[in-house]
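Asks: Okay, handing you the structure first.
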Amino acid sequence: MLKPKAVVSWSGGKDSYMALHRALARFDVQALLTMFTEDGARSRSHGLRPEVVAQQAHLLDLRLVSGRGSWKNYEQEFKRVLRRLAGSGFSHVIFGDIFLDAHKAWVERVCRECRLEAVEPLWGEPTGSLFRQFIATGAEAQIVATKAMLLDQHWLGRRLDAAMLSRLERLGVDPCGERGEYHTLVVGCPRMSARLELREIDRLMHEGYWMLDLEVA
Numbered sequence: 022m023l024k025p026k027a028v029v030s031w032s033g034g035k036d037s038y039m040a041l042h043r044a045l046a047r048f049d050v051q052a053l054l055t056m057f058t059e060d061g062a063r064s065r066s067h068g069l070r071p072e073v074v075a076q077q078a079h080l081l082d083l084r085l086v087s088g089r090g091s092w093k094n095y096e097q098e099f100k101r102v103l104r105r106l107a108g109s110g111f112s113h114v115i116f117g118d119i120f121l122d123a124h125k126a127w128v129e130r131v132c133r134e135c136r137l138e139a140v141e142p143l144w145g146e147p148t149g150s151l152f153r154q155f156i157a158t159g160a161e162a163q164i165v166a167t168k169a170m171l172l173d174q175h176w177l178g179r180r181l182d183a184a185m186l187s188r189l190e191r192l193g194v195d196p197c198g199e200r201g202e203y204h205t206l207v208v209g210c211p212r213m214s215a216r217l218e219l220r221e222i223d224r225l226m227h228e229g230y231w232m233l234d235l236e237v238a
């Protein structure tokens with residue numbers, strides 16, 4: 022039986038990767054979907070340069086589908102991309118939400134309005150367990166953004182491991198950063214044809230977040 026054709030909503034981070042990892046068993050995942058700023062300079066979710074996300078897709082051997090928009094017209098532009106995907110035979114969109122009800126309701130609505138079905142393979146799972154499962158898959162990720170009031174810039178660039186999980190829990194930070202405490206970038210996993218090699222350009226403060234500015238090495 023043919024698997025349904027799916028695209029993964031892709032931030033570049035660990036939760037997107039875990040959603041992809043699980044979706045592969047049930048779906049024919051053919052593409053990643055990333056939204057960028059209006060000028061195309063940064064990804065909306067994690068502030069990544071487009072060439073970094075494009076290199077991830079290349080190493081994963083998946084097509085990268087993208088859109089651009091401001092926060093004001095984000096839904097309109099997101100739906101424009103979704104309709105294009107629906108028109109080319111995609112039936113499902115995979116998301117990496119864990120417990121944010123409002124965002125889950127939003128993605129389900131916009132997908133439904135575009136004749137697509139939203140799928141949430143991580144929904145409702147304990148975030149500490151998901152963190153451990155991510156490590157167990159053999160994937161590697163590093164922190165690329167932190168909410169400055171909770172985690173200072175010294176967290177930037179750190180690799181996710183068991184010691185980090187323990188420290189986050191001691192600080193009272195959600196292990197997966199589901200409330201936006203931190204964001205990650207996957208730089209290696211068994212599915213990638215090679216490790217994603219990066220070069221640090223700068224460390225920036227933007228709208229209350231410390232952000233790691235990276236380029237492909």
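The numbering used here puts the first residue of the sequence shown at 22, with every later residue one more than the last. The C-beta atom is built at its ideal place from N, Cα and C for all residues, glycine as well. It should be emphasised that the depicted structure is a prediction, and the values quoted were computed from it without experimental measurement.
1. Taking the alpha-carbon of arginine 216 as reference, which of Arg101, Ile222 and Leu206 has the nearest alpha-carbon?
2. So, is serine 250 buried or exposed, given that buried needs 16 or more other C-beta atoms within 10 angstroms?
3. In angstroms, rounded to a whole number, what distance separates the CA positions of isoleucine 156 and alanine 62?
4. Helix, strand or coil: how does DSSP classify glutamate 191 here?
5. For the region 131-138 against the region 105-114, do three or more pairs of beta-carbon atoms, one drawn from each stretch, fall closer than 8 Å, so that the two count as touching?
6. Counting pairs of beta carbons, one from the region 46-54 and one from the region 29-37, are three or more of them closer than 8 Å?
7. In the structure shown, what three-state DSSP assignment does phenylalanine 57 receive?
8. What does the alpha-carbon distance come out to for the pair aspartate 223 and arginine 47?
9. What residues are listed by DSSP as bridge partners for arginine 89?
10. Since arginine 220 is in the beta strand (DSSP E), which residue starts that stretch and which ends it?
11. Where in the region 157-190 do unbroken runs of the beta strand (DSSP E), each at least 3 residues long, occur, reported from the N-terminal end onward?
12. Nearest by alpha-carbon distance to arginine 101: which of Lys93, Ser87 and His113 is it?
Replies: On the basis of the data shown:
1. Leu206
2. Nothing about residue 250 can be reported from this structure: the residues present for the chain run from 22 to 238 only.
3. 30 Å
4. Here residue 191 turns out to be arginine, not glutamate, going by the sequence shown. In the structure shown, arginine 191 sits in a helix (DSSP, three-state: H, G or I).
5. yes
6. yes
7. strand
8. 40 Å
9. Phe57
10. 219-227
11. 161-168
12. Ser87
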